[in-house]
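Below is one structure, written out as structure tokens; the observations come after it.
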Amino acid sequence: MPSKHFRTDVCKIQAYSVKRLLEMGTDPSLETPSTQEECVAGLMAEINLDSPDGITVSIGPNQVNGTISVPIDVAHKVDHLVDSESPTFYVLANTNGNATYIRYVI
133 MPSKHFRTDV
143 CKIQAYSVKR
153 LLEMGTDPSL
163 ETPSTQEECV
173 AGLMAEINLD
183 SPDGITVSIG
193 PNQVNGTISV
203 PIDVAHKVDH
213 LVDSESPTFY
223 VLANTNGNAT
233 YIRYVI
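Position 34, counted from 1, in the sequence shown is what the working numbering calls 166; the numbers after and before it change by one each time, with no gaps.
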């Protein structure tokens, strides 16, 4: 006889793929590292979020592809960015002692 117990899993995070842009003449080279903290800060600024709680970045300092996960209650803000004309956020980085921005597209 089938069980009458049901299990409902609730989604708590939403994950997004990100890609670092490397357009010649516009973006710093791949040798310019980005930090996970700056990735979180850049995303927070772009989606107007006050707290980094629950945001996870899985991308290395010199990698092109990665993943960002956000709590489900703020995923609609990232979805709005994804659906915009330019689904890009900017990450502050340091190249040879100068501040620059690395662009990531979601």
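Even glycine gets a Cβ: it sits at the ideal position worked out from N, Cα and C. Just so we're clear, the structure is a prediction, and the values are computed from it rather than from any experiment.
Contact annotation: T199 and S166 have beta-carbon atoms that are not nearer than 8 Å. One Cα belongs to S201, the other to A225, and the distance between them is close to 21 Å.
DSSP places I200 inside the beta strand (DSSP E), whose first and last residues are 197 to 203.
L154: not part of any alpha helix (DSSP H); DSSP gives it neither H nor E.
Between E178 and Y222, the alpha-carbon positions lie close to 8 Å from each other. The continuous stretches of alpha helix (DSSP H) do not include L224, which lies in the beta strand (DSSP E) extending over residues 220 to 227. Non-local beta-carbon contacts of G192 in its own chain, meaning distances under 8 Å to residues more than five positions away in sequence, involve G198 in chain order. Note on C171: 16 or more other CB atoms within 10 angstroms of its CB, so buried under the neighbour-count rule.
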